[in-house]
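A.B. asks: Can you keep this structure in mind? I'll have questions shortly.
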Amino acid sequence: MGRAFQNRKESMAKTADAKTKVYSKYGREIYVCAKAGGTDPNGNLALRGLMERAKKDQVPSHVIDKALDKASGAGGEDFSAARYEGFGPGNVMVIVDCLTDNPNRTFGDVRGCFTKTKSKIGTPGSVSHMFDHCAIFSFAGSDEDAVLEALMEADVDVTDIEQEGERITVFAPHTDYAKAKQALLDAFGEIDFEVDEIQFLPQTTTPVEGDDVVMFEKFLGMLNELDDVQNVYHSGELPEESDS
1 MGRAFQNRKE
11 SMAKTADAKT
21 KVYSKYGREI
31 YVCAKAGGTD
41 PNGNLALRGL
51 MERAKKDQVP
61 SHVIDKALDK
71 ASGAGGEDFS
81 AARYEGFGPG
91 NVMVIVDCLT
101 DNPNRTFGDV
111 RGCFTKTKSK
121 IGTPGSVSHM
131 FDHCAIFSFA
141 GSDEDAVLEA
151 LMEADVDVTD
161 IEQEGERITV
171 FAPHTDYAKA
181 KQALLDAFGE
191 IDFEVDEIQF
201 LPQTTTPVEG
211 DDVVMFEKFL
221 GMLNELDDVQ
231 NVYHSGELPE
241 ESDS
């Protein structure tokens, strides 16, 4: 599972324009998360993890605060989650997660990325059954048995635990995210999570080779340029010399 985890999604180039897009995506996700579960990160563990991740990605405090202020007020923007699935260049399975205030616009934009790269957008469930929807936590530690015991005592359905050097990574069903995180915090106190999120991990990977590499990178770049796209997950295994 570790290799799929490392290849889970694409990072954006660190240009000023890309940073602005990252800030916007975090702001939107924080707003939606806080609107749904409350603005107190101590009572909304998903929000807490999201805020910590935003800070590690150098999102300015004012961006986070603005999203929380907006979520605490009445009314506000009405964003809904949208998920699209299909096959990208090289027949790579792709899941695109979006937050949108206009589903018709978002569908048209995402479909355009598929069409312009000779890819095929599918129906809901067409590829997601080939991914594991996981809660993932990675943090410094060396006692794998103690971590497993704490999670099992909290009735967390642990999928896998990996230890590499002084770092432990826990995989659990996405539905156990809050329960697993709370169990770790209760057992080990404040943890500086390197990874604390829910992701789709492919059960198998597809090598991307030859001319498909350039087209696949173009496809991912087009998706990441869309304001409504939050995350792109795929089964592609790109050549090591590729930056994507």
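Residues in the sequence shown are numbered consecutively from 1, following full-length UniProt numbering.
Every residue, glycine too, gets a C-beta built ideally from N, C-alpha and C.
Which ranges does the beta strand (DSSP E) cover as unbroken runs of at least 3 residues, wholly within the region 148-208, from first to last along the chain?
C.D. replies: Complete beta strand (DSSP E) runs here, min 3: 160-164, 167-173 and 195-202.
A.B. asks: Since SER72 is in the alpha helix (DSSP H), which residue starts that stretch and which ends it?
C.D. replies: Walking along the sequence shown from the start, residue 72 turns up at place 72. Unbroken alpha helix (DSSP H) run through SER72: 61-72.
A.B. asks: Between the alpha carbons of ASP228 and ASP40, how many angstroms are there, rounded?
C.D. replies: For this step, residue 228 is matched to residue 228 along the sequence shown. For this step, residue 40 is matched to residue 40 along the sequence shown. Cα-Cα distance, rounded: 25 Å.
A.B. asks: Between which two residues does the alpha helix (DSSP H) harbouring THR123 extend?
C.D. replies: The count along the sequence shown starts at 1 and reaches residue 123 at position 123. No alpha helix (DSSP H) holds THR123; DSSP gives it neither H nor E.
A.B. asks: State the DSSP-derived secondary structure class of GLY27, mapped to helix, strand or coil.
C.D. replies: Reading the sequence shown from its first residue, position 27 is the one you call residue 27. Correct three-state label for GLY27: helix.
A.B. asks: Hey, how far is the Cα of SER72 from the Cα of SER24?
C.D. replies: Locating residue 72 in the sequence shown gives position 72, where the first residue counts as 1. Locating residue 24 in the sequence shown gives position 24, where the first residue counts as 1. Each residue's alpha carbon lies about 18 Å from the other.
A.B. asks: Can you tell me whether ARG28 is buried or exposed, with buried defined as 16 or more other CB within 10 angstroms of its CB?
C.D. replies: The residue labelled residue 28 in the question sits at position 28 within the sequence shown. Per the 10 Å Cβ criterion, buried.
A.B. asks: From which residue to which residue does the alpha helix (DSSP H) around MET215 run?
C.D. replies: Along the sequence shown, one-based indexing puts residue 215 at 215. Start and end: 211-225.
A.B. asks: Considering Cα atoms alone, identify which of PHE87, TYR26 and LEU68 is closest to VAL59.
C.D. replies: The count along the sequence shown starts at 1 and reaches residue 59 at position 59. Selected option, being the one with the closest Cα: TYR26.
A.B. asks: Quick test of your reading: residue 248 and VAL94, contact by CB under 8 Å. State the CB separation rounded to the nearest angstrom.
C.D. replies: A query on residue 248 cannot be resolved here, the shown segment of the chain reaching from 1 to 244 and no further.
A.B. asks: What are the partner residues of PHE87, as DSSP defines its beta bridges?
C.D. replies: As a position in the sequence shown, residue 87 is number 87, starting the count at 1. According to DSSP, PHE87 bridges with MET93 and LYS120.
A.B. asks: Roughly how many angstroms separate the alpha carbons of PHE219 and GLN199, rounded to a whole number?
C.D. replies: Stepping through the sequence shown from its first residue, residue 219 is reached at position 219. Stepping through the sequence shown from its first residue, residue 199 is reached at position 199. Their Cα atoms are separated by approximately 20 Å.
A.B. asks: How do the region 180-197 and the region 82-96 stand: do at least 3 beta-carbon pairs fall below 8 Å, yes or no?
C.D. replies: In short, these stretches do not touch, since the Cβ pair count stays below three.
A.B. asks: Spatial neighbours of HIS234 within its chain, please: CB distance less than 6 Å, with the 5 preceding and 5 following residues excluded, ordered by chain position.
C.D. replies: Position 234 of the sequence shown, counted from the first residue, corresponds to residue 234. Closer than 6 Å at the Cβ level, and outside the excluded window around HIS234, lie VAL92 and VAL94.
A.B. asks: Buried or exposed: where does PRO124 fall if 16 or more other Cβ atoms within 10 Å of its Cβ makes it buried?
C.D. replies: Reading the sequence shown from its first residue, position 124 is the one you call residue 124. Looking at its Cβ environment, which holds fewer than 16 other Cβ atoms inside 10 Å, PRO124 is exposed.
A.B. asks: Is it right to say MET152 is buried, meaning 16 or more other beta carbons lie within 10 angstroms of its own, or is it exposed?
C.D. replies: The residue given as residue 152 occupies position 152 in the sequence shown. MET152 comes out exposed.
A.B. asks: If you draw a straight line from the C-alpha of HIS133 to the C-alpha of VAL158, how long is it?
C.D. replies: Taking the first residue of the sequence shown as 1, we reach residue 133 at position 133. Taking the first residue of the sequence shown as 1, we reach residue 158 at position 158. Approximately 13 Å between the Cα atoms of the pair.
A.B. asks: From the DSSP output, in three-state form, read off ASN104 for me.
C.D. replies: Translated into the one-based positions of the sequence shown, residue 104 becomes position 104. Three-state DSSP puts ASN104 in a helix.
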